[in-house]
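A.B. asks: Count along the sequence shown from 1, then add 98; that gives the number in the numbering used here. Idealized CB from N, CA, C, for every residue including glycine. Please read these numbers as outputs of a predicted model, since none were measured by experiment. Just dropping this structure here.
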Amino acid sequence: MSDKLSYKVADISLAEWGRKAIEIAENEMPGLMKMREMYSETKPLKGARIAGCLHMTLQTAVLIETLTALGAEVQWSSCNIFSTQDHAAAAIAKTGVPVYAWKETDEEYIWCIEQTLFKDGKPLNMILDDGGDLTNLVHGISEETTTVHNLYKMKANGTLQVPAINVNDSVTKSKFDNLYGCREKRATDVMIAGKVAVVAGYGDVGKGCAQALRAFGARVIVTEIDPINALQAAMEGYEVTTMDEASKEGNIFVTTTGCMDIVQGRHFEQMKDDSIVCNIGHFDPVGVYFLKKLDEAVAAAHLDKLGVKLTKLTDKQAKYLGLDKEGPFKPDHYR
Numbered sequence: 099m100s101d102k103l104s105y106k107v108a109d110i111s112l113a114e115w116g117r118k119a120i121e122i123a124e125n126e127m128p129g130l131m132k133m134r135e136m137y138s139e140t141k142p143l144k145g146a147r148i149a150g151c152l153h154m155t156l157q158t159a160v161l162i163e164t165l166t167a168l169g170a171e172v173q174w175s176s177c178n179i180f181s182t183q184d185h186a187a188a189a190i191a192k193t194g195v196p197v198y199a200w201k202e203t204d205e206e207y208i209w210c211i212e213q214t215l216f217k218d219g220k221p222l223n224m225i226l227d228d229g230g231d232l233t234n235l236v237h238g239i240s241e242e243t244t245t246v247h248n249l250y251k252m253k254a255n256g257t258l259q260v261p262a263i264n265v266n267d268s269v270t271k272s273k274f275d276n277l278y279g280c281r282e283k284r285a286t287d288v289m290i291a292g293k294v295a296v297v298a299g300y301g302d303v304g305k306g307c308a309q310a311l312r313a314f315g316a317r318v319i320v321t322e323i324d325p326i327n328a329l330q331a332a333m334e335g336y337e338v339t340t341m342d343e344a345s346k347e348g349n350i351f352v353t354t355t356g357c358m359d360i361v362q363g364r365h366f367e368q369m370k371d372d373s374i375v376c377n378i379g380h381f382d383p384v385g386v387y388f389l390k391k392l393d394e395a396v397a398a399a400h401l402d403k404l405g406v407k408l409t410k411l412t413d414k415q416a417k418y419l420g421l422d423k424e425g426p427f428k429p430d431h432y433r
């Protein structure tokens, strides 16, 4: 079919943006990147002609480029008319992979799937499908229920004509992606589960941030100048240390202190590539805080046993906050 389009995307000029975003996404997909490292030279997928019908996102782009790196020929459409990330589609099309994906109408959606069937004398020999529309087109499977259930029924009655792999019920899908991947936020497109999150400050805002990050599966480290707050954090099960130490470990950094110079140049130099740094603190809303020294001394006495490392204010920070470097850090009415 000489008149077949080599690709169709919303805007090919988005390719450069897409390429940068794909490189970031690669850091979140170590399994696929390991496959490239292990098998790109031997090309175990040489001869595979794969039609894919999955959400055309940055993560799918990493999958596509892994398949091609391992020797496969790939053509792609999206399995949903709303989910295509146009910059991802453009970047993949720019590499020469036939991609047919944008935010289409229903009719255009079917047309896109039809373009991936390797009509040029080289029929496909493998499909990757999410939702069953490509499978339905190739094999004639109805969509009365979820695709995998239909495949099991067809296998049972002897009508399944091709081998099928149920990815959704694999352990690495059901126990990880289904459980952890489904609860992520879209702001950074980064999975929080398994990351090390550093929360600077354990006041009310810091407490809320630490709880939220822990709920999403992060291992949370707290930095704190106040021994009472530091003790609270330790009693909640958080590691408490200094930013100098935490900056070497963290993937996500959230400052909640209302102070200046919390994350400094030397900390950025120690951070891992692709670390995320954000701020939810600004100025303390209630002014200058003091507390009787005894409470802080009692709290501080517990810290060594718990392995807590207390952050020390610099002269500049203490002046900025209007506090003595050694405390007290709380108002008299603090409870």
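Which ranges does the alpha helix (DSSP H) cover as unbroken runs of at least 4 residues, wholly within the segment 167-195, from first to last along the chain?
C.D. replies: If we require 4 residues or more, the alpha helix (DSSP H) runs fully inside the segment 167-195 come out as 184-192.
A.B. asks: With DSSP run on the structure shown, which of helix, strand or coil describes residue 357?
C.D. replies: The sequence position of residue 357 within the sequence shown is 259, counting from 1. The answer is coil: DSSP assigns residue 357 none of H, G, I, E or B.
A.B. asks: Can you check the segment 320-349 for any alpha helix (DSSP H) of at least 4 residues that lies completely inside it and give the ranges in chain order?
C.D. replies: Counting whole runs of 4 or more residues, the segment 320-349 contains the alpha helix (DSSP H) stretches 325-333, 341-344.
A.B. asks: On a CA-only basis, which of 202, 144, 119 is nearest residue 106? Give me that one, please.
C.D. replies: For the purposes of this step, residue 106 is identified with residue 8 of the sequence shown, where counting begins at 1. Ranking 202, 144, 119 by Cα distance to residue 106 puts 202 first.
A.B. asks: Hey, would you say residue 195 sits closer than 9 Å to residue 160, going by beta carbons?
C.D. replies: Counted from its first residue, the sequence shown places residue 195 at position 97. Counted from its first residue, the sequence shown places residue 160 at position 62. No, Cβ-Cβ distance for residue 195 and residue 160 is not below 9 Å.
A.B. asks: Compute the beta-carbon to beta-carbon distance between residue 350 and residue 293, rounded to the nearest angstrom, for a pair I have assumed lies under 8 Å.
C.D. replies: To locate residue 350, count along the sequence shown from 1; it is residue 252. To locate residue 293, count along the sequence shown from 1; it is residue 195. The pair is a contact, with the Cβ atoms about 6 Å apart (cut-off 8 Å).
A.B. asks: Are the beta-carbon atoms belonging to residue 416 and residue 423 less than 9 Å from one another?
C.D. replies: Taking the first residue of the sequence shown as 1, we reach residue 416 at position 318. Taking the first residue of the sequence shown as 1, we reach residue 423 at position 325. Yes, Cβ-Cβ distance for residue 416 and residue 423 is below 9 Å.
A.B. asks: For the pair the segment 212-229 and the segment 181-188, tell me if three or more CB-CB distances fall below 8 Å.
C.D. replies: They do not touch, by the three-pair rule.
A.B. asks: My output table needs one value for residue 150: the three-state DSSP class, helix, strand or coil.
C.D. replies: To locate residue 150, count along the sequence shown from 1; it is residue 52. Strand.
A.B. asks: Based on Cα-Cα distance, which residue from 193, 221, 374, 158 lies nearest to residue 114?
C.D. replies: In the sequence shown, counting from the first residue as 1, residue 114 sits at position 16. Residue 193 is the option with its Cα nearest to residue 114.
A.B. asks: Give a yes or no on whether the C-beta atoms belonging to residue 190 and residue 174 are separated by under 9 Å.
C.D. replies: Along the sequence shown, one-based indexing puts residue 190 at 92. Along the sequence shown, one-based indexing puts residue 174 at 76. Yes, the pair counts as a contact, with Cβ atoms nearer than the cut-off.
A.B. asks: Give the DSSP bridge partners of residue 351, in chain order.
C.D. replies: Reading the sequence shown from its first residue, position 253 is the one you call residue 351. Per DSSP, 296, 375.
A.B. asks: I need the DSSP call for residue 303, collapsed to helix, strand or coil.
C.D. replies: Within the sequence shown, numbered from 1, the residue matching residue 303 stands at position 205. Three-state DSSP puts residue 303 in a helix.
A.B. asks: Can you list, in chain order, the residues of its chain with a C-beta nearer than 7 Å to that of residue 117? Leave out the 5 residues immediately preceding and following it.
C.D. replies: Position 19 of the sequence shown holds residue 117. Within the same chain, residue 117 has close Cβ partners 189.
A.B. asks: Three or more C-beta pairs under 8 Å: does that hold for the segment 335-350 against the segment 361-368?
C.D. replies: Contact holds: three or more Cβ-Cβ distances are below 8 Å.
A.B. asks: Quick check on this structure: which residue in 297, 104, 418 has the alpha carbon closest to the alpha carbon of residue 187?
C.D. replies: Your numbering for residue 187 matches position 89 in the sequence shown. For the residues 297, 104, 418, the minimum Cα distance to residue 187 belongs to 104.
A.B. asks: Using DSSP with H/G/I as helix, E/B as strand and the rest coil, what is residue 226?
C.D. replies: For the purposes of this step, residue 226 is identified with residue 128 of the sequence shown, where counting begins at 1. Three-state DSSP puts residue 226 in a strand.
A.B. asks: Along the chain, where does the alpha helix (DSSP H) containing residue 123 start, and where does it finish?
C.D. replies: The residue given as residue 123 occupies position 25 in the sequence shown. Residues 113-124.
A.B. asks: On a CA-only basis, which of 264, 250, 155 is nearest residue 124? Give me that one, please.
C.D. replies: Here the question's residue 124 lines up with position 26 in the sequence shown. When each option's Cα is compared against that of residue 124, the closest is 155.
A.B. asks: Throw me the rounded Cβ distance for the residue 394 and residue 326 pair, which I believe falls under 8 Å.
C.D. replies: Residue 394 sits at position 296 when you count from the first residue of the sequence shown. Residue 326 sits at position 228 when you count from the first residue of the sequence shown. Contact flag correct, Cβ pair sits at about 6 Å.
A.B. asks: My guess is that residue 348 and residue 295 are in contact by the Cβ rule of under 8 Å, so how many angstroms apart are they, rounded?
C.D. replies: Translated into the one-based positions of the sequence shown, residue 348 becomes position 250. Translated into the one-based positions of the sequence shown, residue 295 becomes position 197. Between residue 295 and residue 348 the Cβ distance is about 7 Å, and since that is below 8 Å, they are a contact.
A.B. asks: Evaluate residue 305 with the Cβ neighbour count: other Cβ atoms within 10 Å of its Cβ, from every protein chain shown; 16 or more gives buried, anything less gives exposed.
C.D. replies: Within the sequence shown, residue 305 is the residue found at index 207, counting from 1. Classification for residue 305: buried.
A.B. asks: Under the rule that 16 or more other beta-carbon atoms within 10 Å means buried, what is residue 243, buried or exposed?
C.D. replies: To locate residue 243, count along the sequence shown from 1; it is residue 145. In this predicted model, residue 243 has a pLDDT of only 42, less than 50, meaning its place in the structure is not dependable; the value taken from the coordinates is given anyway. Residue 243 should be labelled exposed.
A.B. asks: Quick one, which of 122, 222, 236 has its alpha-carbon nearest residue 147's?
C.D. replies: Within the sequence shown, residue 147 is the residue found at index 49, counting from 1. Measuring from the Cα of residue 147, the nearest candidate turns out to be 222.
A.B. asks: Let's see if you can read the secondary structure: which residues bound the alpha helix (DSSP H) around residue 416?
C.D. replies: For the purposes of this step, residue 416 is taken as residue 318 along the sequence shown, with counting starting at 1. Segment 413-419, the alpha helix (DSSP H) holding residue 416.
A.B. asks: Look up residue 406 in the DSSP assignment and say whether it is helix, strand or coil.
C.D. replies: Translated into the one-based positions of the sequence shown, residue 406 becomes position 308. Residue 406: coil per DSSP, three-state reduction.
A.B. asks: Between which two residues does the alpha helix (DSSP H) containing residue 236 stretch?
C.D. replies: By 1-based counting over the sequence shown, the position of residue 236 is 138. Per DSSP, residue 236 belongs to the alpha helix (DSSP H) from 231-237.
A.B. asks: In terms of DSSP beta bridges, what is residue 197 paired with?
C.D. replies: To locate residue 197, count along the sequence shown from 1; it is residue 99. The partner list for residue 197 (beta bridge, DSSP) reads 174.
A.B. asks: Among the residues of its own chain, which have a CB less than 6 Å from the CB of residue 312, if the five just before and after it don't count?
C.D. replies: Taking the sequence shown and counting its residues from 1, the one referred to as residue 312 is at position 214. Hits under 6 Å: 318.
A.B. asks: Please return the same chain residues whose Cβ sits closer than 7 Å to the Cβ of residue 307, not counting the five positions on each side in sequence.
C.D. replies: Taking the sequence shown and counting its residues from 1, one reaches residue 307 at position 209. Around residue 307: 297, 352, 354, 378.
A.B. asks: In this structure, how does DSSP classify residue 260 when only helix, strand and coil are distinguished?
C.D. replies: Locating residue 260 in the sequence shown gives position 162, where the first residue counts as 1. Here residue 260 sits in coil by DSSP.
A.B. asks: I'd like to know whether the C-beta atoms of residue 149 and residue 258 end up nearer to each other than 9 Å.
C.D. replies: Translated into the one-based positions of the sequence shown, residue 149 becomes position 51. Translated into the one-based positions of the sequence shown, residue 258 becomes position 160. Taking 9 Å as the Cβ cut-off, residue 149 and residue 258 do not qualify as a contacting pair.
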